[in-house]
Amino acid sequence: MTFDTWDGDDESAAGRFVPLYVLVNGRTAPRDSTLDLATQVVALPVDTRRLEPEYTAIVHRCSTWMSVAEIGAYLHLPLAITKVMVDVLVEQGYLGVGTPAQQNIIDLHLLDSVLAGLERL
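Number 72 in the working numbering belongs to position 69 of the sequence shown; there are no gaps in the numbering.
Right under this line is the structure:
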């Protein structure tokens, strides 16, 4: 009879003490149905000391606008799990959802003028 033992060569589990499905409480899909892989998120200025290391890594990676797919790629996480983890962070107020363009609008009066000009065409 032989026993299978872990020899430390499995890179996907290296350094991870908690299985990912435990981190998301067994959820398989985000509660927010509008959250997809192209959704842009950004970290909000909140204290992250209470978060698990995997969640903290996501928040730190999102110091600038980043899509859910990019987060999964950078952190080497499965995309389905990444979506659920991002959804949890959004629900708890650690991440904001939107687009980078929302931050760059400086003069709404100028945009209204451009729109009025286009409508006259």
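Just so you know, even glycine gets a beta-carbon here, dropped at the ideal spot from N, CA and C.
| said: Please report the distance separating the alpha-carbon of V62 from that of A46. | reply: Computed Cα separation, rounded: 6 Å.
| field | Proximal residues to D13 (C-beta, below 8 Å), its chain only, five neighbours per side dropped | value | Note that D13 scores 46 on pLDDT, short of 50, meaning its location in the model is unreliable; the coordinates nonetheless yield the value given after this. Its chain contains no residue whose beta carbon lies nearer than 8 Å to that of D13 once the 5 sequence neighbours on both sides are disregarded.
| query | What whole-angstrom Cβ distance do V49 and G96 have, given they're in contact under 8 Å? | reply | About 6 Å separates the beta carbons of V49 and G96, which is inside the 8 Å limit, making them a contact pair.
| query | Considering R114, what are the terminal residues of the alpha helix (DSSP H) in which it resides? | reply | The residue you asked about is not Arg; residue 114 is Leu in the sequence shown. Here the alpha helix (DSSP H) through L114 covers L111 to R123.
| field | Reduced DSSP secondary structure (H/G/I, E/B, other) of V49 | value | V49: coil per DSSP, three-state reduction.
| Exposure of L111, with buried meaning 16 or more beta-carbon neighbours within 10 Å | Exposed, since its Cβ has fewer than 16 Cβ neighbours within 10 Å.
| message | Could you give the first and the last residue of the continuous beta strand (DSSP E) run that contains L98? | response | Boundaries of the beta strand (DSSP E) around L98: L98 to G101.
| Cβ-heavy atom distance between L82 and the ligand ADP below 7 Å? | In terms of ligand content, the structure shown is empty, and the ligand ADP therefore cannot be addressed.
| Around the Cβ of L124, are there at least 16 other Cβ atoms within 10 angstroms (buried) or fewer (exposed)? | It is exposed - the Cβ of L124 has fewer than 16 other Cβ atoms within 10 Å.
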